[in-house]
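Enquirer:
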Amino acid sequence: MQVVLETDEAWSLMSVIASHVIDNSGISQDGKAKIRRWRSDRGLGTVEMDDLAPAFNQALGTYLDDRRTRMIRRRGRYVSTRDLKGTQR
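If you use numbering that gives the first Met the number 0, the sequence shown corresponds to residues 0 to 88, in order.
1. For the candidate residues TYR77, LEU12, VAL78 and ARG74, whose alpha-carbon lies nearest to that of GLY42?
2. Determine, using beta-carbon pairs with one atom in the stretch 1-8 and one in the stretch 44-60, whether at least three such pairs fall under 8 angstroms.
3. Whose C-beta lies closer than 8 angstroms to the C-beta of ARG35 among residues of the same chain, with five residues either side of it excluded?
4. Rounded to whole angstroms, what is the Cα-Cα separation between ASP49 and SER14?
5. What did DSSP end up calling ILE16 once you bin it into helix, strand or coil?
6. Exposed or buried, ALA32, counting other C-beta atoms within 10 Å across all chains shown (16 or more means buried)?
7. To the nearest angstrom, how far is the alpha carbon of LEU63 from that of SER27?
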């Protein structure tokens with residue numbers, strides 16, 4: 000599976016995540032203010048957000064690749080990549 004977010008979609012998701020952290024975490028008011036400032040610095044159409052969107056997509060893709068199970072052929076049979084964790088490939 001491949002997921003690629005457009006800049007406006009990445010901005011929307013980043014805003015939701017930042018809001019969730021602000022509303023539901025036990026961080027100080029100073030910490031909340033820093034998150035709000037970070038979020039406002041990365042508004043839609045800013046250079047910072049244009050730089051963040053590809054990094055967001057790369058991190059999301061890496062996470063999905065790490066979580067996905069694949070079947071590979073080994074010595075005439077197919078083995079799950081989960082079974083190969085910790086062994087020499």
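Where is the CB? At the ideal position from N, CA and C, for every residue including glycine.
Expert: So, to answer that:
1. LEU12
2. yes
3. ALA17 and ILE21
4. 14 angstroms
5. helix
6. exposed
7. 32 angstroms
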